[in-house]
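J.:
Number of protein chains: 2
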Amino acid sequence: MNTAKKHSKKRDAILQVIRSTDCHPSAEWIYNQVKPIYPDISLGTVYRNLALFEQSGEVVAIATVDGQKRYDATAATHTHFICECCKSVIDVETPQPFAEMYKALKKEHGFKADYHSLTFYGKCDKCQISN
Amino acid sequence: MNTAKKHSKKRDAILQVIRSTDCHPSAEWIYNQVKPIYPDISLGTVYRNLALFEQSGEVVAIATVDGQKRYDATAATHTHFICECCKSVIDVETPQPFAEMYKALKKEHGFKADYHSLTFYGKCDKCQISN
DNA sequence: CTAAAAACAGTAACAGTTCTCATTATTGTT
DNA sequence: AACAATAATGAGAACTGTTACTGTTTTTAG
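Residue numbers (my numbering), protein chains in the order written: chain A, 3 to 133; chain B, 3 to 133.
If you want it as structure tokens, here you go:
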């Protein structure tokens with residue numbers, strides 16, 4: 003009777019692509035990866051499913067680089083390094099006590115923070131050499 | 003002989019608007035503020051000067067909210083709270099030792115980070131009440 | 001096998017931003 | 001004060017990432 007989510011091969015492929023890379027891809031990048039498998043896939047399908055994944059929390063939008071949203075399928079919030087030269091988005095570890103900051107935000111401002119995003123910007127190792 | 007930057011009243015007004023607010027405005031918001039002062043200003047001028055300010059470092063793009071870039075004229079890197087409900091971007095203080103993270107990025111990955119961005123997402127005090 | 005509707009391809013529409021070009025404002029020089 | 005030279009601008013076209021629409025295909029339950 004009510005809207006039941008149906009299974010879809012293309013949706014699976016899209017999620018598979020996002021999960022099997024650590025490059026934090028854009029919609030277009032994902033589209034180009036799925037295309038060889040399903041040559042008739044539409045870019046709209048990628049966007050539509052990305053929206054669904056975002057809603058369900060399976061995928062999260064971590065940054066906008068050069069006007070393009072970049073996605074990540076990793077569950078835990080973590081830190082990123084964005085190279086302003088080659089535009090790559092790279093995972094990095096941060097052993098930091100953010101829990102205290104969440105408490106402070108609530109206590110001092112009354113803000114209820116659900117998650118956070120920490121991103122460093124600069125030049126990655128490769129771009130420092132080549133430029 | 004070479005390209006000398008000329009003075010411009012409208013550029014001044016744009017920077018003034020960004021400096022005199024703490025709402026981390028979008029290009030359109032800035033445009034609407036400058037319009038009463040210079041009714042013939044063009045949105046293109048705002049974008050053009052924002053690009054110049056970004057280059058010179060006088061203004062920094064701190065986030066993209068609902069597809070719109072948001073700007074900030076504050077020199078020092080600081081932390082923001084973005085309310086996902088009313089889309090407001092609010093400054094918050096974070097007494098955190100990020101200097102160590104910069105060192106670790108260089109040591110462990112070879113990344114030369116120039117600056118960082120820490121943003122918390124959630125519901126601000128007002129939106130918690132009204133929703 | 002059939003029928004209801006979710007998912008889709010293809011494409012048009014949309015929004016934020018950038019680009020183009022003719023005009024205006026600024027600046028150094030007479 | 002008038003004069004180039006050229007930086008800055010307004011208006012609007014063009015571009016780009018994303019979303020919406022429509023008719024068709026695929027999935028799924030009975």
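For glycine and all other residues, C-beta sits at the position ideal for the given N, C-alpha and C.
(1) Out of B/Ala6, B/His26, B/Ile39, which one is the CA nearest neighbour of B/Ile12?
(2) Which word fits B/Met3, buried or exposed, when buried means at least 16 other C-beta atoms lie within 10 angstroms of its C-beta?
(3) Using a Cβ-Cβ cut-off of less than 7 Å, give me the residues of the segment 106-123 of chain B that come near chain A, in sequence order.
(4) Can you list the residues of chain B that A/Val134 reaches, using a CB-CB cut of under 9 Å?
(5) Measuring alpha carbon to alpha carbon, tell me which residue in B/Gln130, B/Ile131, B/Ser10 is nearest B/Arg50.
(6) Which residues, taken in chain order from the segment 42-66 of chain B, show a beta carbon closer than 7 Å to some beta carbon of chain A?
(7) Just checking: is the beta-carbon of B/Asp127 within a distance shorter than 8 Å of some beta-carbon in chain A?
(8) Please return the same chain residues whose Cβ sits closer than 6 Å to the Cβ of A/Thr79, not counting the five positions on each side in sequence.
(9) Which value, in whole angstroms, describes the spacing of the CA atoms of B/Val62 and A/Ser132?
(10) What is the DSSP secondary structure of A/Phe55, reduced to helix, strand or coil?
(11) In angstroms, rounded to a whole number, what distance separates the CA positions of B/His111 and A/Gly124?
(12) Can you give me the start and stop residues for the beta strand (DSSP E) that A/Ser119 sits inside?
(13) Report the neighbours of A/Gln130 on chain B: residues whose CB is nearer than 9 Å to its CB, in chain order.
(14) Would B/Leu17 pass as a contact of B/Glu60 if the rule is Cβ separation under 8 Å?
(15) Can A/Thr66 and A/Thr81 be called in contact, C-beta distance under 8 Å?
(16) Skipping 5 residues on each side, what residues in its chain have a beta carbon closer than 8 Å to that of A/Ile2?
(17) Check this for me: beta carbons of B/Lys89 and B/Asp68, under 8 Å apart or not?
(18) Once DSSP output is grouped into helix, strand and coil, what is the label at B/Val164?
T.: Per the coordinate set shown:
(1) One-based indexing of the second sequence puts residue 12 of chain B at position 10. Residue 12 of chain B is actually Lys in this sequence, not Ile. Closest option to B/Lys12, Cα to Cα, is B/Ile39.
(2) Taking the second sequence and counting its residues from 1, the one referred to as residue 3 of chain B is at position 1. Only weak support is given to the placement of B/Met3: the predicted model assigns it a pLDDT of 47, under 50, and the question is left unresolved by the model.
(3) Leu107, His111, Gly112, Phe113, Lys114, Ala115, Asp116, Tyr117, His118, Ser119, Leu120, Thr121, Phe122, Tyr123
(4) As shown, chain A starts at 3 and ends at 133. That puts residue 134 of chain A outside it, with no answer to give.
(5) Walking along the second sequence from the start, residue 50 of chain B turns up at place 48. Taking only the C-alpha atoms, the option nearest B/Arg50 is B/Ser10.
(6) Thr66
(7) In the second sequence, the residue the question calls residue 127 of chain B occupies position 125. Output row for B/Asp127: interface = yes.
(8) Translated into positions along the first sequence, residue 79 of chain A becomes position 77. Excluding sequence neighbours, A/Thr79 sits near Tyr117.
(9) In the second sequence, counting from the first residue as 1, residue 62 of chain B sits at position 60. In the first sequence, counting from the first residue as 1, residue 132 of chain A sits at position 130. CA-CA distance, B/Val62 to A/Ser132, rounds to 26 Å.
(10) Walking along the first sequence from the start, residue 55 of chain A turns up at place 53. A/Phe55 falls in the helix class under three-state DSSP.
(11) On the second sequence, position 109 is the one that residue 111 of chain B refers to. On the first sequence, position 122 is the one that residue 124 of chain A refers to. For the pair B/His111 and A/Gly124, the Cα-to-Cα distance works out to about 12 Å.
(12) Within the first sequence, residue 119 of chain A is the residue found at index 117, counting from 1. First-last of the beta strand (DSSP E) with A/Ser119: 114-125.
(13) The residue you call residue 130 of chain A lines up with position 128 of the first sequence. Neighbours of A/Gln130 on chain B, chain order: Gly112, Phe113, Lys114.
(14) Along the second sequence, read from residue 1 onward, the residue named residue 17 of chain B stands at position 15. Along the second sequence, read from residue 1 onward, the residue named residue 60 of chain B stands at position 58. For B/Leu17 and B/Glu60, yes; Cβs fall inside 8 Å.
(15) Mapped onto the first sequence, residue 66 of chain A falls at position 64. Mapped onto the first sequence, residue 81 of chain A falls at position 79. For the 8 Å CB-CB criterion, A/Thr66 and A/Thr81 do not form a contact.
(16) Any question about residue 2 of chain A goes unanswered here, given that chain A covers just 3 to 133.
(17) Along the second sequence, one-based indexing puts residue 89 of chain B at 87. Along the second sequence, one-based indexing puts residue 68 of chain B at 66. Yes, Cβ-Cβ distance for B/Lys89 and B/Asp68 is below 8 Å.
(18) Limits of chain B in this structure are 3 at one end and 133 at the other, which puts residue 164 of chain B out of reach.
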